[in-house]
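J.: Protein chains in written order, with the numbering used here: chain A, 121 to 236; chain B, 121 to 236.
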DNA sequence: TCGCCAGATGTAGAAGATCAAGGTATATCC
DNA sequence: GGATATACCTTGATCTTCTACATCTGGCGA
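Quick look at the structure:
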């Protein structure tokens, strides 16, 4: 089945934001992050594992996330991530940028361009 | 490399949309498209030429745009683009997708996630 | 007990888009 | 003649995402 009508590929950059936002609510492991995003969006956003884990490593490398191993709810070891203070700042700034950017794009896409 | 405070890198995919939207108002050449986008956004969105021309060729290759040479307002030859009917349909659909996607992302970024 | 599935992590390779930085040429104005 | 703005284009690097695969563990049913 090709991607159905109600699934999206994420544009570059948005995945990091979504991950950080979910992590902002408290320590959580990678697998659960993907589930959470899918769940909130009612399956419209699906995070592939091949995107998820590199993104987590990237964010940790940039010191926006920190991680430690801990048993998960199921008893198995899992790597729990949380935001660093740098990550928290970054999330705030980039969320604001995302909003400004998408507002601008929407303005152009939906505007009449009259009066220009 | 840093971007200044009020400039954005465009997430993948949005450039094509912006271009098609500007072209939708009537035949226009590449150089003017970039100026137009920059102007409407009050310099917040700047389209690099290294992004612009490949995008135009991409869209023409996909038969979403058609082009022909014509003298521009300044008397010089320039390549004027317009939407094909396929392009017009595509623009409508993708604009809708863009809106749904960004609404979803905003939902997660700005929501409290309570009640999940 | 054996096998399978779900949870959980990860990597490799390809595809695609953007950007930075360069190049070419023409028209106009000083 | 020289500078500037217009107008086109390409190349190479970088980054992100996707598909697809690989690995390990624990629990469950047959």
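The beta carbon of each residue, even a glycine, is placed where N, CA and C say it ideally should be.
Between the alpha carbons of residue 223 of chain A and residue 132 of chain A, how many angstroms are there, rounded?
T.: Residue 223 of chain A sits at position 103 when you count from the first residue of the first chain. Residue 132 of chain A sits at position 12 when you count from the first residue of the first chain. Approximately 17 Å, taken between the alpha carbons.
J.: Alpha helix (DSSP H) containing residue 154 of chain B: first to last residue?
T.: As a working note, residue 154 of chain B is residue 34 in the second chain. Residues 150-160.
J.: Report the option in B:208, B:214, B:139 and B:203 whose CA atom is closest to the CA atom of residue 168 of chain B.
T.: Start at 1 with the first residue of the second chain, and residue 168 of chain B comes out as number 48. The shortest C-alpha separation from residue 168 of chain B is found at B:139.
J.: With a threshold of 8 Å, are at least 3 pairs of Cβ atoms found where one atom belongs to the stretch 152-165 of chain B and the other to the stretch 208-218 of chain A?
T.: Output reads no: the stretch 208-218 of chain A does not touch the stretch 152-165 of chain B.
J.: From the DSSP output, in three-state form, read off residue 123 of chain B for me.
T.: Indexing the second chain from 1 puts residue 123 of chain B at position 3. Caution is warranted here: a pLDDT of 37 is assigned to residue 123 of chain B, below 50, making its placement in the model unreliable, and the coordinate value is therefore given only provisionally. Here residue 123 of chain B sits in coil by DSSP.
J.: Residues of chain A with CB under 8 Å from residue 215 of chain B, in chain order?
T.: Here residue 215 of chain B is taken as the residue at index 95 of the second chain, counted from 1. Correct list: 229 and 230.
J.: Going along chain B in order, which residues have a C-beta closer than 9 Å to the C-beta of residue 128 of chain A?
T.: Numbered from 1 along the first chain, position 8 holds the residue referred to as residue 128 of chain A. Residues of chain B passing the Cβ test: 217, 220, 221 and 224.
J.: What is the DSSP secondary structure of residue 141 of chain B, counted as helix, strand or coil?
T.: Stepping through the second chain from its first residue, residue 141 of chain B is reached at position 21. Here residue 141 of chain B sits in helix by DSSP.
J.: Could you tell me whether any Cβ in chain B is nearer than 8 Å to the Cβ of residue 137 of chain A?
T.: By 1-based counting over the first chain, the position of residue 137 of chain A is 17. So yes, residue 137 of chain A belongs to the interface.
J.: Check residue 188 of chain A in the structure and name its three-state DSSP category.
T.: Position 68 of the first chain holds residue 188 of chain A. Here residue 188 of chain A sits in strand by DSSP.
J.: Report the residue from B:179, B:151, B:129 and B:148 whose alpha carbon sits nearest the alpha carbon of residue 206 of chain B.
T.: For the purposes of this step, residue 206 of chain B is taken as the residue at position 86 of the second chain. Of the candidates B:179, B:151, B:129 and B:148, the one whose C-alpha sits nearest the C-alpha of residue 206 of chain B is B:179.
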